[in-house]
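Numbering (our numbering), first residue to last: 3 to 361.
Beta carbons are placed, not taken as given, at the ideal position from N, Cα and C, and that holds for glycine.
These figures come from a predicted structure and were not determined experimentally.
First comes the structure, then the notes that go with it.
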Amino acid sequence: MTNSYDWKRIVVAPDTPLGSAIHQLDIEGKRSLLIADENDILLGIVSDGDVRRALLKGVSLTEPVTRVMQSNPKVATRHWSEVRLLSCMEQYQLLFIPIVDDQRRILSVSFLYSLLRKPRFENAVCLMAGGFGTRLRPLTNSCPKPMLKLGNKPILELILQRFIRAGFYRFYISTHYMPEKIVEHFGDGSEWGVEIAYLHEDKPLGTAGALGLLPKDIISEPMFLMNGDLLTDIDFLALLAHHDEHGGEATMCVREYEYQIPFGVVTTAEHQVSGIVEKPIHKYFINAGVYVLSPSLVKSIPKGQALDMPTLLSQKLESHGRINHFKVDQDWIDIGRLDDFKKASAMMEDLYSDGCLTK
């Protein structure tokens, strides 16, 4: 992300004397310095705590800073969203985190104070949490799928927190299967400093049909709709900006999916072979289960009618409505099966629990 502060002011060379590093720490007031070579390749980081411990051990001020640096600091990549950066810095009490490429070259530095200076957005967020989770049985026999825990938090809470960190505070949660477990956990949202209301489906209404339960007069801005069983690092602010820029009735998040045919594919013309392609790979865009919807689209959904979002969008396309797409390159997993749940549990340490990379 962009900062007005010049991040190179907290970068020192590996042969910098410890005394000079202390002086630089005092001047910049960032509590840590990055150590990098002449090509901006990150070698390590040194904090004021590292310096204090070194001095107590009698390390000379003329020693190079590399003697006391941490050679395996927390780093991020340029694909990280601001929400993920903030999560990492909050967890490890960092004032900044370097953004690096595959060679550990410093591309930029993200600072905590820039991330915290966030406005609050009026856009509502609807999280779909009414499904039965049939394919996840027996885990869902006594627990709705969005309330299954990854680490020590339900999937739905992890999603909620990511929206909160991005600056959103108006939430609706659709419920049907075991709604009391969801309502009991989240309440009115005051524990998280947000507003939460519930759209209870007496019968399953589908991903779009639940929006028919919304009061029609309260949606005046584009709103988010997201399945309650997704783990993703989508940049919600970038998604909203994309929707605002391109207009249309909705923006659908899509993800590239590759499928390789395990055989050689033969094309023919009459009785002749015209071509052979060995095990070709086909690429498609798949629905990622996250949308931004225009107020007019939301208000057009009839109350009490079962309707899935793909069906609704297909109807709009048939009537020449404009539906945009937003490509998701970040981490994304749909927790629909037991194997998906195991995979999501395995990626928790990096994406949510840990949140930072160490290389």
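By the Cβ neighbour-count rule, L109 is exposed, with fewer than 16 other Cβ atoms within 10 Å of its own. In this structure, P100 lies away from P66, with their beta-carbon atoms at least 8 Å apart. As the crow flies, the alpha-carbon of R11 is around 11 Å from that of V111.
Around the beta carbon of K32, 16 or more other beta carbons lie within 10 angstroms, which makes this residue buried. Annotated as distal: G230 and A308, with beta-carbon spacing of 8 Å or more.
The same chain holds no residue with a CB closer than 6 Å to that of D104 once the five nearest residues on each side in sequence are set aside. Each residue's CA atom was taken as its position, placing E223 and G169 some 15 Å apart. DSSP places C90 inside the alpha helix (DSSP H), whose first and last residues are 84-94. Residues V275, I278 of the same chain have their beta carbon placed closer than 7 Å to that of V268, with the five preceding and five following residues left out of the count. In the DSSP assignment, D28 falls outside any beta strand (DSSP E) and within the unbroken alpha helix (DSSP H) covering 20-30. Within the segment 224-293, the complete beta strand (DSSP E) segments of 3 residues or longer fall at 225-229, 232-234, 252-262, 266-271, 274-280, listed in chain order.
Per DSSP, P100 is one residue of the beta strand (DSSP E) stretching across 98-102.
For C128, DSSP records a beta bridge to Y174, L227. Rounded to the nearest whole angstrom, the CA to CA distance from R167 to W334 is 18 Å.
Distance from the CA of G208 to the CA of F113, rounded to the nearest whole angstrom, comes to 41 Å. About 6 Å separates the beta carbon of V294 from that of L242, a gap short enough to meet the 8 Å contact definition. Residue V13 holds the alpha-carbon nearest to the alpha-carbon of L45 among V53, L63, L20, V13.
The continuous stretches of beta strand (DSSP E) do not include G191, and DSSP gives it neither H nor E.
Per DSSP, reduced to three states, the secondary structure at D336 is strand. The beta carbon of K301 sits closer than 7 Å to those of K218, I221, all from its chain and outside the five residues before and after it, given in chain order.
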